[in-house]
Structures are given as C-alpha cells and as structure tokens.
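Please read the structure below before turning to the comments.
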Amino acid sequence: MDFDLTILGSNSAVPAFGRHPSCQVINHNNQKYMIDCGEGAQFQLSKYKVKRGNINHIFISHLHGDHYFGLVGLVNSFRLNGRKDDLHIYGPPKLIDIILIQVDVFSPEFGYKVHFHPLNYGESELIFENDYLLVYTIPLVHKTETNGFLFKEKVKPRKIIREKILEYDIPRHLIADIRFGADLVIDRKLIAKNEELTEPGKPSFSYAYCSDTVYNPDLASIIKDVTVLYHEATFMHDFEDKAAERYHSTTIQAAKIAEMSGAGKLLLGHFSARHYDLQPFQDEARTVFSETYLALEGTTFNISE
Ligand SMILES: [Zn+2]
Ligand SMILES: [Zn+2]
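Residue numbers for the sequence shown follow the numbering used here, beginning at 1124 and rising by one.
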C-alpha cells in the first residue's frame, strides 16, 4: 500500500527566497490528504505535478495565514474545474466563517458538496477513519488554538499458515477473524491459539505533523513510535528564547521530540524567513537525532519504509 508525503511549502510566516508557506499532501492507497494550505498551494500542486482530483480531505492546523490563505482559492478552483466529489475540510470552528465570506460553499449551486468538520482542541481525538487509515488530532501549544495531525495505518491482517488450515480444517467463515487475531474456537471450545495459526502481517506505518508549536515534551507519548515525524523548527538553537516567546521551536527541540517519541525519521520545516541557507538546520538537529532531513518543497518522502 503506497504511503508517501510531498512537501509543497515549509516556510514560516511570509514567503521568502522562493519558498512557500505550509502545505503538504499525503498519498495513501491512492487517496490524497492535504495538510495546511498556505498561499500559493495551487501553483505548487501544478509545479510538482500533484493531481488534485483525489484530494478529498483537507486538514487545517490553525488560523495563522501561512497555514490557510491558499484554501479559498483552491476550493473555488475545484468548482471551476467541474469537481463533483464531496470535499471534507477539518479545522478550527471559525474557519468556515472565513470561507463563507468569500465563497458560499454551502449553496446548492456550488457544484459539489463541502462538509466542514470543526475540530476541538486540547485532547487528541479520532477525526477520520476508512478501511485502512485513522487520523487523530495532536494538541499543540501555540499562540492560537492549534492541532497537529497523526495519520496511522490500521493494523494489517496476519498471515494464516496454509498447513494449519488443513491440519485443523478451519471453516472458511472463521478465516477473516483469525487474520485479525482471533483464536480458533469451535462450539465454544478453544481448538488453537492465534499464534499457532498465523504469522505477523505487514507492518503498519504512521506520520505525524506537528506545526506550529512551542517545545512540548508531552507530544512524545501521543506520537510514540511514529514512522516519520514532521516537527517545526522555525529557529536555530541560538534563538531558543525567541522561539519560546513566539510559541515556536528550535532545531534541537524538534530533535529531542523525535528522540523521545522513538520516531524513525525527523523532517524539519516551518523555517524562519531570516535564513537563506537551511543546511545548518539539518546539521544542528543531527547532533541530537541523526535521522533528520529538511522538508524542502518539491521533495517526496516514502513513509512506508
Ligand atoms: Zn506558521
Ligand atoms: Zn502559527
């Protein structure tokens, strides 16, 4: 099952040096999920050839402009392009008022259906589920109410050992339950434990988006063992005081969160416009967490490896 992430923008606050504000797209099992939609998102989709047709879910972290100023334009272009599929938008409750001032997405003439899901803040909640994927909010600590997002593949079915099907003459209708961990029970009698009948299935992968946030060690337990973590690093370590004052994080703090949570990989983003050269961000974070990479726009990361 494909699971990858394309960065369309990872700059903070204002566009700088040709870099765009926050926007990224997850591709999972041929469905696309957009996270944040900063100014210029449509141009970036075209530039990096990300097809917009199957973007059916858009998640907005908070109401600072660098995370949603591209949304109204995109939603309107969907209409002009003759979109018919429903679109789900998840974000702070006030977001829908902001959209409605500019485009009446709820009008019957709009062309396609928009479902708005206002998000709570303060506790991690399940906000989306299909057969393969779960999406939870991650409460972040920032100047305004902010949620990150955790994309988690569901546990994949175990493999049944062929010989065991014959040995125990396992009835067909029990196979599905056994693949999801059930023991073989016939007439209320335990015939065989699941471990004897199955081998582990394929691993499940996960991705956590944590932007914008002040350094918050409580995050580690919510995103425990995440495969890939995107954590903002607006500033380098020498601006630690400024980061705290502005409710942002530094390279070293992002790396500490990655280390504490047992992440497989760390992607740094939300770079301050004061830096042209971003290589020092990676170098500095790697002194704490070696598997650190820059979330540069145009880059695609494979989550399922
Ligand atoms: Zn921001
Ligand atoms: Zn912000």
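For each residue, glycine too, the CB sits at the ideal point set by N, CA and C. This one's a predicted model, so the numbers in the text were calculated from it and none came from an experiment.
Aspartate 1406 versus phenylalanine 1182: straight-line alpha-carbon distance, rounded: 30 Å
Proximity test, Cβ basis, 8 Å: leucine 1352 and chain B: The chain inventory of the structure shown lacks chain B, comprising one protein chain alone.
Run of the alpha helix (DSSP H) containing glycine 1214, from where it starts to where it stops: Counting along the chain, glycine 1214 falls outside any alpha helix (DSSP H), though it belongs to the beta strand (DSSP E) covering 1210-1214.
Residue from Glu1318, Lys1279, Leu1263 whose Cα sits closest to the Cα of serine 1344: Leu1263
DSSP state of serine 1329 mapped onto helix, strand, coil: strand
Backbone secondary structure at proline 1294 - three-state DSSP: coil
Same chain, Cβ closer than 7 Å to glycine 1385, neighbours up to 5 away in sequence not counted: Lys1347, Asp1348
Heavy atom of ligand 2 within 7 Å of histidine 1151 beta-carbon: no
Environment of threonine 1357 [buried if 16+ CB atoms lie within 10 Å]: buried
Cβ neighbour criterion (16 or more within 10 Å) applied to glutamate 1162: buried
Test item: CB-CB of phenylalanine 1239 and isoleucine 1221 under 8 Å: no
Beta-carbon gap between serine 1327 and glutamate 1355 smaller than 8 Å: no
Bounding residues of the beta strand (DSSP E) (the contiguous stretch that carries methionine 1157): 1154-1160
8 Å Cβ cutoff met for serine 1145 and aspartate 1189: yes
Residue of Val1351, Phe1201, Ser1184, Tyr1235 minimising C-alpha distance to proline 1216: Ser1184
Contained alpha helix (DSSP H) runs [length at least 4] in the segment 1184-1246, N- to C-terminal order: 1194-1203, 1218-1225
Spatially closest choice to threonine 1321 from Arg1311, Val1337, Arg1302, by CA coordinates: Arg1302
Rounded C-alpha distance that separates glutamate 1248 from tyrosine 1213: 12 Å
Length of the line joining the Cα atoms of asparagine 1270 and valine 1337: 12 Å
Cβ contact check for the segment 1388-1405 and the segment 1417-1428: 3 or more pairs under 8 Å: yes
Where glutamate 1319 falls: helix, strand or coil (DSSP): helix
Same chain, Cβ closer than 7 Å to aspartate 1227, neighbours up to 5 away in sequence not counted: Phe1233
CB of asparagine 1152 within 8 Å of CB of histidine 1143, strictly: no
Three-state secondary structure assigned by DSSP to glutamate 1252: strand
First through last residue of the beta strand (DSSP E) which encompasses leucine 1128: 1126-1132
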